[in-house]
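Below: one structure, written as structure tokens.
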Amino acid sequence: MEEDRETSRTLLSRTQAIEREAAMEIDECVIFALGKAYQKAHGELKHRLKPLGLTVPQYSVLAGLWEQDGRTAAQLRERLTMDSATLTGVLDRLERSGLVVRSPDEKDRRLVRLRLTKAGTALREEVQRTVAELNGELLRLLPPQEAEPLRAALRTIATGER
Numbered sequence: 003m004e005e006d007r008e009t010s011r012t013l014l015s016r017t018q019a020i021e022r023e024a025a026m027e028i029d030e031c032v033i034f035a036l037g038k039a040y041q042k043a044h045g046e047l048k049h050r051l052k053p054l055g056l057t058v059p060q061y062s063v064l065a066g067l068w069e070q071d072g073r074t075a076a077q078l079r080e081r082l083t084m085d086s087a088t089l090t091g092v093l094d095r096l097e098r099s100g101l102v103v104r105s106p107d108e109k110d111r112r113l114v115r116l117r118l119t120k121a122g123t124a125l126r127e128e129v130q131r132t133v134a135e136l137n138g139e140l141l142r143l144l145p146p147q148e149a150e151p152l153r154a155a156l157r158t159i160a161t162g163e164r
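Per our numbering, the very first residue in the sequence shown carries number 3; after that it's consecutive.
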């Protein structure tokens, strides 16, 4: 009987916690806070990439290829968590801009490899410097001891793994 009461209290406290979360103010909502932070960072990155002739999705694809040139579209989709339709459109624009080429795999002609052109490789330093500057500016908004815990928390949320 005592065990039943304890189980009831535990369930009640869980229910109360859920109800409190449901009634939380929007500014206390992690999802809302992440969304606002994303909008601010994404908007500023978009603004800074524009003079370089790139969009944020184009930067993401180039960064994935700077990390490992010659990936397939499937590998790039997985790395960037980008859907097929978006990736195809971004690759088409990068190809038209002369930054990326699609070429058949030498060993398996069914596979298409994505390769950087000289122009795509040449953009790397300036683009990465631009992104690093913005990243630094955003992290300087925090006390230094909070930067790494923030990165770790964001990775945990993004992967769903502790």
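Each residue gets a CB set at the ideal place from its N, CA and C atoms; glycine is no exception. From a predicted model like this one, the values you see are computed outputs, not experimental measurements.
Alpha-carbon spacing of residue i relative to residue j, whole angstroms
i      : j      : result
Gly45  : Thr57  : 11 Å
Phe34  : Arg95  : 32 Å
Thr161 : Thr83  : 11 Å
Gln2   : Asp29  : Outside the shown range of the chain (3 to 164) lies residue 2, about which nothing can therefore be said.
Ala87  : Ser15  : 45 Å
Gly122 : Glu97  : 10 Å
Asp107 : Thr74  : 9 Å
Trp68  : Leu93  : 14 Å
Arg164 : His49  : 34 Å
Leu78  : Val63  : 7 Å
Pro151 : Lys120 : 37 Å
Arg112 : Ala76  : 13 Å
Ala124 : Asp85  : 27 Å
Thr158 : Leu89  : 25 Å
Gln41  : Asp110 : 41 Å
Glu27  : Ala155 : 22 Å
Val32  : Arg153 : 15 Å
Residue i, buried or exposed, once every other Cβ within 10 Å from all chains shown has been counted against 16
i     : result
Gln60 : buried
Of the residues the options, the one placed nearest residue i, counting alpha carbons only
i      : options                       : result
Ala134 : Ser99, Ala43, Arg112          : Ala43
Arg104 : Leu116, Cys31, Arg111         : Leu116
Arg81  : Ala155, Glu127, Gly91, Ala65  : Ala65
Arg126 : Val102, Thr90, Gly91, Glu27   : Val102
Ser99  : Asp85, Leu118, Lys109, Asp110 : Leu118
Val114 : Cys31, Asp71, Glu27           : Asp71
Asp39  : Glu27, Ala154, Leu141         : One detail in the question is off: residue 39 reads as Ala in this sequence, not Asp. Answer by Cα proximity: Leu141.
DSSP three-state assignment for residue i, whether helix, strand or coil
i      : result
Pro106 : strand
Leu125 : coil
Arg115 : strand
Thr57  : coil
Thr158 : helix
Thr74  : strand
Glu80  : helix
Arg142 : coil
Asp29  : helix
Residue i Cβ short of 6 Å to the ligand COA heavy atom set
i     : result
Asp94 : This structure does not include the ligand COA; it has no bound ligands of any sort.
Anticipated Cβ contact below 8 Å, residue i with residue j, distance rounded
i      : j      : result
Leu136 : Leu47  : 6 Å
Leu54  : Glu148 : Not really, about 30 Å apart at Cβ, beyond 8 Å.
Thr132 : Leu36  : Incorrect: roughly 23 Å between the Cβ atoms, too far for contact.
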